[in-house]
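Input: a single structure, listed below in structure tokens.
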């Protein structure tokens, strides 16, 4: 027998049967359990008039916390651990398409951009290595949720067809997801020639870079469409095609001006507008891909909806974390956009006079980031964003409750925790 001491976290006895969570605060004998483990008990009320309960079921959960103050590479570690679980180096998930003969020819022409300031070069470097914000997270999440769901006994598949717990069609879907995301990033690298300054270099270089961005992005999208057709599932084709349409629609909302720059429209008066824009830009692809992975394995519609919720809420938490990091990193020129979540929340919380004052800082010849950051922090918008980030993280984790306990599920929770760290 192991002696464990538990602290009651939350309890509510509104019905005869309730799920109660406990947090272990001390363990003297069992050193193999993680420090922040939890156990879920199901209690049955003995009678309607009694205040006594009987434990009828309990489940042990492993430590879901990844990020620590000492571990500054938590995302890389979470990705590495997840790749071991799916048995596939997803850090290079889309390279099979990128190394095709067609793109190899484009790469030869792209060498002419070396030494220029066209953003396509930065995107190309990020395809191979992008540090903390690894470009291949979406495909990895699709494979993890596929493995967490496991095989469907009623589906016309056999478990022998699975490789490391993932069907080949699901693995192909993960690759397609990454290719679509990469194509979107490349297309975003097209610059508005009307905004080119002399210090940006010759106009001819920018024109050439735009041609390469359009051609290479279009080729990747066409490759993804061919891959979708090979999956042979009309529902999956419809879902993923809808996500491509959403990404394109995001470029023609009031959040983007005629020149392609981020801008907050006057009609944006609530955080729900930011959520809608984030869903179109990023969330739709991950959410629909996770849902499609369930469809390919023949799982129920309810399980597909939970996978959709996981992908959508993970995107919200991740984007909130990135927007907060642009403020808390204390960079001299932070990657802060007028469409970031703290700025949108500031508009919702501040008076009209304060909003107008904020936007005078954006209009200055050299953007006064110091005053902008100070206003955002003092208003409480940043703290509100942190709360929202944790809420969407918890929603993403809660959507996995219908999946059985497994290493893949733990890895999913670790990934969500790592990419939504707001400390």
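Numbering (the numbering used here), first residue to last: 315 to 737. Even for Gly, the Cβ is constructed at its ideal location relative to N, Cα and C.
Residue span of the alpha helix (DSSP H) that contains residue i, given as start and end
i	result
residue 661	655 to 663
residue 590	585 to 592
residue 480	Counting along the chain, residue 480 falls outside any alpha helix (DSSP H), and DSSP gives it neither H nor E.
residue 539	517 to 545
residue 625	615 to 642
residue 699	695 to 712
residue 548	548 to 563
residue 717	Where residue 717 is concerned, there is no enclosing alpha helix (DSSP H), given that its DSSP letter is neither H nor E.
residue 460	451 to 463
residue 605	598 to 610
residue 680	No alpha helix (DSSP H) contains residue 680, which DSSP labels as neither H nor E.
residue 397	388 to 400
Cα-Cα separation between residue i and residue j, rounded to whole angstroms
i	j	result
residue 725	residue 662	36 Å
residue 549	residue 501	26 Å
residue 381	residue 637	In this predicted model, residue 381 has a pLDDT of only 36, less than 50, meaning its place in the structure is not dependable enough to derive any value.
residue 525	residue 505	10 Å
residue 694	residue 652	17 Å
residue 670	residue 682	14 Å
residue 624	residue 728	13 Å
residue 739	residue 672	One cannot answer for residue 739 here, as it falls past the ends of the chain, which runs 315 to 737.
residue 723	residue 514	47 Å
residue 343	residue 718	Residue placement at residue 343 is poorly supported in this model, since its pLDDT is 31, which falls under 50; the coordinates still yield a value, given next. Taking the straight line from one Cα to the other gives about 27 Å.
residue 737	residue 588	22 Å
residue 595	residue 570	11 Å
residue 674	residue 437	31 Å
residue 529	residue 538	14 Å
residue 704	residue 516	45 Å
residue 708	residue 658	22 Å
residue 716	residue 609	16 Å
residue 614	residue 476	19 Å
residue 730	residue 454	12 Å
residue 391	residue 666	45 Å
residue 341	residue 649	For residue 341, the pLDDT reaches just 32, beneath the cut-off of 50, and the residue's location in the model is therefore unreliable, although a value from the coordinates is still provided. Going from the Cα of residue 341 to the Cα of residue 649 covers about 44 Å.
residue 616	residue 395	28 Å
residue 660	residue 701	15 Å
residue 543	residue 480	20 Å
residue 432	residue 508	14 Å
residue 386	residue 397	Any reading at residue 386 must be qualified, since the residue scores a pLDDT of 45, below 50, and its modelled position is unreliable; the value itself is stated next. Spanning the two alpha carbons is a distance of roughly 19 Å.
residue 714	residue 464	13 Å
residue 523	residue 435	9 Å
residue 686	residue 482	49 Å
residue 388	residue 519	39 Å
residue 565	residue 552	21 Å
residue 688	residue 466	53 Å
residue 451	residue 393	8 Å
residue 535	residue 684	40 Å
residue 676	residue 668	13 Å
residue 618	residue 590	21 Å
residue 696	residue 584	15 Å
residue 512	residue 521	14 Å
residue 692	residue 510	35 Å
residue 664	residue 639	22 Å
residue 372	residue 680	Reliability fails at residue 372, whose pLDDT of 43 lies under 50, so the model's placement of it is uncertain and the value that follows must be treated cautiously. If I take the Cα positions, the gap works out to 59 Å.
Cβ pair residue i, residue j closer than 8 Å
i	j	result
residue 627	residue 706	yes
residue 631	residue 710	yes
residue 699	residue 732	no
residue 541	residue 489	yes
residue 430	residue 456	no
residue 503	residue 469	no
residue 567	residue 592	no
residue 462	residue 720	yes
residue 607	residue 460	yes
Supposed contact pair residue j and residue i - C-beta distance, whole angstroms, cut 8 Å
i	j	result
residue 752	residue 554	Outside the displayed range of the chain (315 to 737) lies residue 752, so it cannot be described from this structure.
residue 400	residue 458	6 Å
residue 690	residue 641	6 Å
residue 735	residue 635	6 Å
residue 605	residue 621	5 Å
residue 557	residue 586	At roughly 20 Å, the Cβ-Cβ gap does not stay under 8 Å, so residue 557 and residue 586 are not in contact.
Near the ligand COA: residue i beta-carbon under 7 Å from a heavy atom
i	result
residue 668	The ligand content of the structure shown is nil, which means the ligand COA is not present either.
Three or more C-beta pairs under 8 Å: does that hold for the region 487 to 497 against the region 553 to 569?
Yes, the region 487 to 497 touches the region 553 to 569.
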